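Asker: Before we start, here is the structure in question, set down as structure tokens.
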Amino acid sequence: MIRVSVVGAQGRMGGSVVNAVEAANDMETVKRIGEGDDISSITPDNTDVAVEFTVPTSSLGNVLKLVAQGVNVVVGTTGWTDEKLDQVKAALANAPRKDQAVFIAPNFAISAVLADKFAAEAAKYFTSAEVIELHHPDKVDAPSGTAIHTAQAISEARKKAGCAPMPDGTQGEAASRGQVVDGVHVHAVRLQGLNAHEEVLLGNTGEQLTIRADSFDRASFMPGVLLAVRNIATGAHPGLTVGLDAFLDL
Ligand code: NAP
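Heads up: the sequence shown runs through residues 6 to 255, numbered per the numbering used here.
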């Protein structure tokens, strides 16, 4: 049995992780940590993998504490920057155990990971690409970490293929054209009734390809979380790994 502790267990995602772990026959929940609880109770003696779903302002601190305590961590909280990732790498270099692992996924939904992959593959065949992400109104960040990741993947693929910068209109109010991420325009919609959705629009003269991923329910993230927990528990992925594609045969 893989022993799993959940940090942020009273949250929407953390609560779903507790239920998914309880429903799996190869893992069990050991500790359920909420805001104000003592995270130092999670140790390698009681936990194989800690799953962290809290808030961007708490996540880095939680991960650094868990790494220092010798615990492997799977992280779903968003808001990671290169600077924060560097701090995690530095912590892992000084970790109590050499095989310790931290895994961070901007998105655990298989549909979203595949949409990213397909968008990056398609990007070099089109003159223009824009990303529209649509979420429930309570989402704290905008644009979503997933949309930023998609834009970066499109941009990287286009640079690698030697594509020219996108020639699209810059007229009008800059705010109406979305946030520009590595040269790709990203638009955020917040609307009652939505959960988590993303569209990538790719355009050429006279044609368009739309790639769309829809997460209708938090349940869509759970197979990805369990896949990450199982992979990290093997001890075969020491250090920092980012992105669920690392564990998918793409
Ligand atoms: P949520 O319902 O607000 O849950 C966050 C929980 O974390 C709350 O219960 C909060 O407690 C708790 N918390 C805050 N600071 C903490 C700390 N230091 N230690 C322990 N618990 C702490 O939010 P959510 O919808 O579950 O989302 C959580 C995160 O996951 C967000 O960053 C969201 O964007 C991200 N997310 C990622 C994916 C993915 O696939 N990677 C998918 C969906 C969501 P209080 O309410 O008492 O403060």
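Beta carbons are placed, not taken as given, at the ideal position from N, Cα and C, and that holds for glycine. What you are looking at is a predicted structure, and each value in this text was computed from that prediction instead of being measured.
CA-CA distance, Gln105 and Gly150?
Answerer: Spanning the two alpha carbons is a distance of roughly 25 Å.
Asker: Report the residue from Glu57, Val9, Met18, Arg217 whose alpha carbon sits nearest the alpha carbon of Val35.
Answerer: Considering only alpha carbons, the answer is Val9.
Asker: How far does the alpha helix (DSSP H) with Met6 in it reach, from first residue to last?
Answerer: Segment: none, Met6 is in no alpha helix (DSSP H) and carries neither H nor E.
Asker: Tell me whether the beta-carbon of Ala233 lies closer than 8 Å to the beta-carbon of Phe252.
Answerer: Yes. Within cutoff.
Asker: Heavy atom of the ligand NAP less than 7 Å from the Cβ of Met227, yes or no?
Answerer: No, Cβ of Met227 sits at least 7 Å from all heavy atoms of the ligand NAP.
Asker: Straight-line CA distance for His154 to Pro111?
Answerer: One C-alpha to the other measures close to 8 Å.
Asker: Could you check what DSSP says for Asn24 in three-state terms: helix, strand or coil?
Answerer: The answer is helix: DSSP assigns Asn24 an H, G or I state.
Asker: If you count every other CB in all the chains shown that lies within 10 Å of the CB of Ser21, and 16 or more means buried, which is it?
Answerer: Buried, because 16 or more other Cβ atoms sit within 10 Å of the Cβ of Ser21.
Asker: Mapping the DSSP letters down to three states, classify Thr34 as helix, strand or coil.
Answerer: The answer is strand: DSSP assigns Thr34 an E or B state.
Asker: Looking only at its chain, what residues have a beta carbon closer than 6 Å to the beta carbon of Ala128, apart from the 5 residues adjacent to it on each side?
Answerer: Within the same chain, Ala128 has close Cβ partners Ala134, Ile159, Ala162, Arg163.
Asker: Report the residue from Glu204, Leu199, Val189 whose alpha carbon sits nearest the alpha carbon of His141.
Answerer: The shortest Cα separation from His141 among Glu204, Leu199, Val189 belongs to Leu199.
Asker: Among Val72, Val54, Val186, which residue has its Cα nearest to the Cα of Asp31?
Answerer: Closest option to Asp31, Cα to Cα, is Val54.
Asker: Let me confirm a value: Gly39 is counted as buried when at least 16 other C-beta atoms fall within 10 Å, else exposed. Which label applies?
Answerer: Exposed, because fewer than 16 other Cβ atoms sit within 10 Å of the Cβ of Gly39.
Asker: For the ligand NAP, I want to know if Met32 counts as a neighbour, meaning its beta carbon is within less than 7 Å of at least one of the ligand's heavy atoms.
Answerer: For the ligand NAP, not one heavy atom lies less than 7 Å from the Cβ of Met32.
Asker: Within 7 Å: the Cβ of Glu40 and any heavy atom of the ligand NAP?
Answerer: Yes.
Asker: Which one or two residues does DSSP pair with His192 in a beta bridge?
Answerer: DSSP, once it has assigned bridges, lists Ile137 as partnering His192.
Asker: Please report the distance separating the alpha-carbon of Asn61 from that of Tyr130.
Answerer: The question names Asn, but residue 61 in the sequence shown is Pro. C-alpha separation (whole angstroms): 36 Å.
Asker: By the three-class DSSP mapping on this structure, what secondary structure does Ala109 have?
Answerer: According to the sequence as given, residue 109 is Ile; it is not Ala. Ile109: strand per DSSP, three-state reduction.
Asker: Just to check, is the beta-carbon of Ala110 closer than 7 Å to a non-hydrogen atom of the ligand NAP?
Answerer: It does: the Cβ of Ala110 is within 7 Å (strictly closer) of some heavy atom of the ligand NAP.
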